[in-house]
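See below for the structure under consideration.
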Amino acid sequence: MTGDMATHDESIIIEHATTNNLRNINVSIPKRRITVVTGVSGSGKSSLVFSTLAAESQRNASQGYSAYIRHLLPKYDAPDVERIEHLPFSIVVTQQTLSGNARSTVGTYSDLFTALRLLFSRVAKPWIGYSMAYSFNNPAGMCPRCQGLGTTTSILPSRLLNTSASLNEGAILFPTFQPGGWRLTRYADSGFFDNDLPLEQWPQSSIELLLHGGKQKPPHPAASWHKTASYLGLIPRIEQSFLNQGTGAYASEIKGITTSTTCPDCQGARVNERARSAMIEGVNIADCCAMSIVELRSWLSRLENSHAAVIIKELLNGIDNLMAVGLGYLSLSRTTTSLSGGEAQRLKLAHYLNSPLSDVLYIFDEPSVGLHPHDLIGVKTIFTGLRDKGNTVVIVDHDPDVIAIADKVIDLGPGAGSDGGEVVFAGSYHELLSSETATARALRHPGTLRSAPDDGASQHNSSHSFDISTFSARNLHNVAVSIPKDCLCTVTGVAGSGKSTLLTEGFMKQHRAVMLDQKAIHANSRSNILSYMGVFEALRKDFSAATHRSASLFSYNGEGACPGCKGKGIVTIDIAYLGESSYTCEDCAGSRYSPDALRAVHRGLNIAQALKLSAREARRRYPIPIGAAMRRLEDVGLDYLSIGQSLDTLSGGELQRLKLAKLLMERTDGALILDEPTSGLHESNIQQLIDLLRRLIRDQGISIIVIEHNMRFIGQSDWVIDVGPGAGSEGGRILFEGSPQGLAAYGETPSGRALRSYFSPDPSKRIDTAKLS
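Those letters in the sequence shown? Residues 1 to 773, by UniProt numbering.
Here it is, written out as C-alpha cells:
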C-alpha cells in the first residue's frame, strides 16, 4: 500500500485503487487547489485520473437521471477501487480533436456566432427576421448556391472515371461505386450500359447519361434491379449523398475528384443576399465573421445600443476569453477542421475561462499538447482562475511549466506498464525538485543546448541542404529557407505562426519527404498492436506451422473466435432503455478464443497467452515472425505494452509513438518530417526519442525535420528555424535560422525567450522567467 493519506473533507480521498496497472494505491487530492498528475508514459496516470477518479464521478452523476437519459449518456465502467470520498461533480476536458466539418466554425463552436446573430436580429437595419435569418446552417439564412458552405465544389469527370476500363473493371474511381460496392448496381443493373465495354468506346450520350442523367425509372433493367429504385447520374448522386450532407465521409476521396472555388453568388460569405443586406453601422454579419477576433472586439466596443447592451457584453466576454488564450488572430468564420492542434486545444479551454461554476472538479488531459511555452501563459490563467473561484483542478501533463503551477504534484511510476502504478511522490513542486523520481531528475537536468551541428552544417551549401525557394501560402509571404541535410532540424514558433504551412506547402511540394502527422489512429477493440504493426498474420502463420492447424484458428476475428462472445472477450446485454451491462465472457474468461484455439500450444504458450506478452518478452520468445517489429516498439519506448492490447486502450502519447514505430519499419527515402512527436511524452521519454532520432540520422543517413514546441527537444537539435513572431497575420516570418544556442542568444522571439527560461540554472525560477513576453 503506497501513497499519501488524508482524513478531512477538504480533500478527495482515493483508497486501495487497483484499476489497470495501479498497485493498491492511496491518494488525496486537495479541493480548491491545482493538482498535476505526472509520470513516465504508461505509468498509470490515465488509470488513476480518468479510469478511476473521472469514471466514478461521472458514474455517480448519471445516477440522478432517469434510466432513459442514462441510456443516452456515455458509459463508464466501475473503477477497481475500495473507496472514494468527498468526490465533486466533474467536467472532463479530453485530448479528443474537435469534431466537425465544413459547417463547424470558430463562431459556431464558441457560441459567439449565436450571440452575433441575436445582435443582428435586434439591431440591424432593415429588419429581416429572427436570428435564424442570419444562419448559414439554416435554409432561412444560407446562400442557396453553396448551401452555406462559402465554396462551390465541382466534380471533375476526368478524376471520377477511368475511361480505359469498363464498369465491371472498376471504371468509377470512388468507393462503393467499384466492383463489389452496392452503389455500382445502380448503374450496372440499370440496363442502360454495356458493363463490359471500356468507357472510351461508349457513345457520348451514354457518358452523359452515366454522369448527369436525371432521376428516372429504367425501362429495361436487369432482373436484380430493385423494383422501387430510381436511376440517377453519378455526379448528382455523389453530390446528394456526400457533398451536400457535410458529414465528412470519404473526405480524402472527395478531395481527389473535385475542385473547389469561392461561391460566385455570396463570395464566400455563406449567407444569402437578404442576410447580407442587413447592416449595423455599415457592417453586415458576414463582415463581422471575416474580421479577426481582435478587430471584431474593437468594432463591438464602439457600439452603443441600450436594447442590445446585454448581448454586446456577452460577446465581449466571449471574445476576451479567446484573446486571453492567444486566439485573437482567428476569425469567427475559420472552420474548426482547419485549426492546428494547439489552436483547437485552446479553443476548447477558452470555454471554461469565465465559467460561473464553483465546487466543481475540472479534469484536463494534457492541455499543453500542441502549445508553445508562450501560448501556455494564457492557458495557465484558466487553471488558476478556476481554482481561485473555488474549483478543484486536476491536470494530467508532462510540461515543466504546467507542473510548476501545481499546488500539489502526484508523480506515478517508477516505470511503465507492470513496472509502474505506484505513487512515487506526492507533495509541492519545490519538494518534487529535490526528490529522486524520473520527473524530478528530468526537471533538474533539462538536457543540453547545442551550439552547432556535429558535421559543421552551419556552413552548409546548396549541395548539402534542402532549399525551399521563395513561396507564399496562407500567412507566409515570399518565404525562403535552407535546411541542412543529415541533421536533426526543428521548426518552432507559437501555435498558428506558420510552421506546418512552411513544411507542407513549402518543403513537401519541392522535395521528397515522408510526414508523420498528428492524425489519430483509427482505434477500436478489434484492432491490436500486432495488427497495426502488420505482423499479427505472421504470428498466426508461425503458430499454424508449429501446430499444423489453420492460421485462421489463431484469429479472434476469424475461425478461432470464442462462440460465446464472438471474439470480443466481453458480453454486453442491452435491455432497451435500461442501458447496457457488460461482463467478462464466462466461456473464454476474456481470452476471446475458442477452446479449440486455446488447446494449440507453440513455444509453451497458446495464442491468448502469447498476446499477453509484453513486446519485450514477445521479441525473445517469437523472434522470427515479429522480432523486427518488436524492436521498433522498443526503440520508441513501448516495449512494456502487451502485444495483443487493443488500440482503444492506449493513451494519446502511446498512439503517437506507435505510429512512429510503424513508420520506422519502412525505408524512408528523402527526408522524414515529424509533427510534434513529443506530444504526450514525459521528459525522460523525450530524451529517449531524441537519442533514437540521432541514431537514425547516424546509421541510416536520414534527414529529420521536426515541428516541435518542447524545449528539451529544440535544445538538442542541430538546426532551428523559428517562425513568427505571432500567430496568423502576426506571424509568417522567418525570425531565425541557426543553432539552438544561437537562438537563445539571439533573443527577442518567443522561442528564444522560452529557451533561455528553460535552460535557467535554477528550475524553480523557470515559472517566473517563462512569463516574460
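Even glycine gets a Cβ: it sits at the ideal position worked out from N, Cα and C.
With DSSP as the reference, please indicate the residues paired to residue i in a beta bridge.
{"i": "S642", "result": "S614"}
{"i": "W719", "result": "C489"}
{"i": "G39", "result": "L412"}
{"i": "K217", "result": "Answer by DSSP bridge pairing: none, since K217 is not bridged."}
{"i": "V310", "result": "Beta-bridge pairing links V310 to no other residue."}
{"i": "E15", "result": "R83"}
{"i": "V513", "result": "A small correction: the amino acid at residue 513 is Ala; Val does not occupy that position in the sequence shown. The partner list for A513 (beta bridge, DSSP) reads A671."}
{"i": "Y231", "result": "Q216"}
{"i": "G427", "result": "V409"}
{"i": "T584", "result": "I570"}
{"i": "G724", "result": "R733"}
State yes or no: is the C-beta of residue i within less than 9 Å of the C-beta of residue j?
{"i": "S418", "j": "F425", "result": "no"}
{"i": "V514", "j": "A671", "result": "yes"}
{"i": "T269", "j": "A290", "result": "The question names Thr, yet the displayed sequence has Ala at residue 269. Yes, the pair counts as a contact, with Cβ atoms nearer than the cut-off."}
{"i": "I319", "j": "L173", "result": "no"}
{"i": "V106", "j": "S358", "result": "no"}
{"i": "N284", "j": "S277", "result": "yes"}
{"i": "residue 798", "j": "V325", "result": "No information on residue 798 is available, as it lies outside the stretch 1 to 773 that the chain covers here."}
{"i": "E422", "j": "G44", "result": "yes"}
{"i": "G567", "j": "D722", "result": "no"}
{"i": "I25", "j": "I395", "result": "no"}
{"i": "Q216", "j": "S230", "result": "yes"}
{"i": "A754", "j": "P157", "result": "no"}
{"i": "A618", "j": "A608", "result": "no"}
{"i": "G534", "j": "K662", "result": "yes"}
For residue i and residue j, what's the separation of their Cα atoms in angstroms?
{"i": "S757", "j": "T437", "result": "22 Å"}
{"i": "A124", "j": "I257", "result": "41 Å"}
{"i": "S462", "j": "T439", "result": "Residue placement at S462 cannot be trusted, given a pLDDT of 47 that sits under 50; the coordinates are not used to answer."}
{"i": "G282", "j": "L303", "result": "12 Å"}
{"i": "I13", "j": "I29", "result": "7 Å"}
{"i": "I570", "j": "P563", "result": "12 Å"}
{"i": "L611", "j": "G415", "result": "21 Å"}
{"i": "G506", "j": "L605", "result": "52 Å"}
{"i": "G732", "j": "A495", "result": "11 Å"}
{"i": "S739", "j": "L449", "result": "9 Å"}
{"i": "S154", "j": "T259", "result": "5 Å"}
{"i": "H212", "j": "I238", "result": "11 Å"}
{"i": "H682", "j": "E537", "result": "33 Å"}
{"i": "I311", "j": "L476", "result": "36 Å"}
{"i": "K771", "j": "L735", "result": "With a pLDDT of 38 at K771, under the threshold of 50, the modelled position of this residue cannot be trusted; read the value that follows with caution. Cα-Cα distance, rounded: 20 Å."}
{"i": "K485", "j": "N685", "result": "25 Å"}
{"i": "G341", "j": "G728", "result": "14 Å"}
{"i": "A576", "j": "T584", "result": "Bear in mind that a pLDDT of 47 at A576, under 50, signals an unreliable position, so the number given afterwards is only what the model happens to contain. The straight-line gap from Cα to Cα measures roughly 21 Å."}
{"i": "F89", "j": "T392", "result": "10 Å"}
{"i": "R631", "j": "H511", "result": "30 Å"}
{"i": "I690", "j": "P446", "result": "13 Å"}
{"i": "V720", "j": "G726", "result": "17 Å"}
{"i": "L578", "j": "A308", "result": "Note that L578 scores 46 on pLDDT, short of 50, meaning its location in the model is unreliable; the coordinates nonetheless yield the value given after this. Distance between the alpha carbons of L578 and A308: 46 Å."}
{"i": "L339", "j": "S104", "result": "11 Å"}
{"i": "K313", "j": "T336", "result": "24 Å"}
{"i": "G42", "j": "G637", "result": "10 Å"}
{"i": "N516", "j": "S252", "result": "Here the sequence assigns Leu to residue 516, which means Asn is not the residue at that position. Between L516 and S252, the C-alpha separation is close to 17 Å."}
{"i": "R32", "j": "G385", "result": "11 Å"}
So, is the C-beta of residue i closer than 9 Å to a C-beta in chain D?
{"i": "I280", "result": "Of the protein chains in this structure there is only one, and it is not chain D."}
Our contact map puts residue i next to residue j with C-beta atoms below 8 Å; I'd like the distance itself, whole angstroms only.
{"i": "V92", "j": "H16", "result": "Contact flag wrong, Cβ pair sits at about 23 Å."}
{"i": "Y640", "j": "R616", "result": "7 Å"}
{"i": "C489", "j": "S717", "result": "6 Å"}
{"i": "L692", "j": "D635", "result": "5 Å"}
{"i": "L361", "j": "S11", "result": "The pair is not a contact, with the Cβ atoms about 12 Å apart (cut-off 8 Å)."}
{"i": "I363", "j": "F383", "result": "Actually they do not touch by this definition, with Cβ atoms about 12 Å apart."}
{"i": "M142", "j": "N272", "result": "6 Å"}
{"i": "L530", "j": "I643", "result": "5 Å"}
Got a sec: does the ligand MG put a non-hydrogen atom nearer than 8 Å to the Cβ of residue i?
{"i": "S555", "result": "As for the ligand MG, it is missing from this structure, which has no ligand bound."}
Check your understanding: Pairing CB atoms from the region 364 to 371 with CB atoms from the region 397 to 406, are three or more of them under 8 Å?
Key -> Of all C-beta pairs linking the region 364 to 371 to the region 397 to 406, three or more are shorter than 8 Å, placing the two stretches in contact.
Check your understanding: Quick check: the region 15 to 28 against the region 42 to 57, are there 3 or more CB pairs under 8 Å?
Key -> Output reads yes: the region 42 to 57 touches the region 15 to 28.
Exercise for review: Flag this pair as touching only if the region 497 to 507 and the region 700 to 711 have three or more C-beta atom pairs under 8 Å; answer yes or no.
Suggested key: Contact between the region 497 to 507 and the region 700 to 711 is present, because at least three Cβ pairs lie under 8 Å.
Check your understanding: If we count Cβ pairs, one from each stretch, closer than 8 Å, do we get three or more for the region 142 to 150 versus the region 112 to 129?
Key -> No, they do not touch.
Check your understanding: Any contact of the region 408 to 418 with the region 55 to 63, i.e. 3+ C-beta pairs under 8 Å?
Key -> By the C-beta criterion, the region 408 to 418 is judged not to be in contact with the region 55 to 63, since fewer than 3 inter-stretch pairs fall below 8 Å.
Review point. Do the region 190 to 202 and the region 163 to 181 touch if we need at least three Cβ pairs shorter than 8 Å?
Key: Contact between the region 190 to 202 and the region 163 to 181 is present, with at least three C-beta pairs closer than 8 Å.
Exercise for review: Decide if the region 181 to 193 is in contact with the region 228 to 237; the criterion is three or more beta carbon pairs, one per stretch, under 8 Å apart.
Suggested key: Counting C-beta pairs closer than 8 Å gives three or more between the region 181 to 193 and the region 228 to 237, which meets the contact rule.
Review point. If we count Cβ pairs, one from each stretch, closer than 8 Å, do we get three or more for the region 312 to 326 versus the region 345 to 360?
Key: Contact between the region 312 to 326 and the region 345 to 360 is present: three or more C-beta pairs spanning the two stretches fall below 8 Å.
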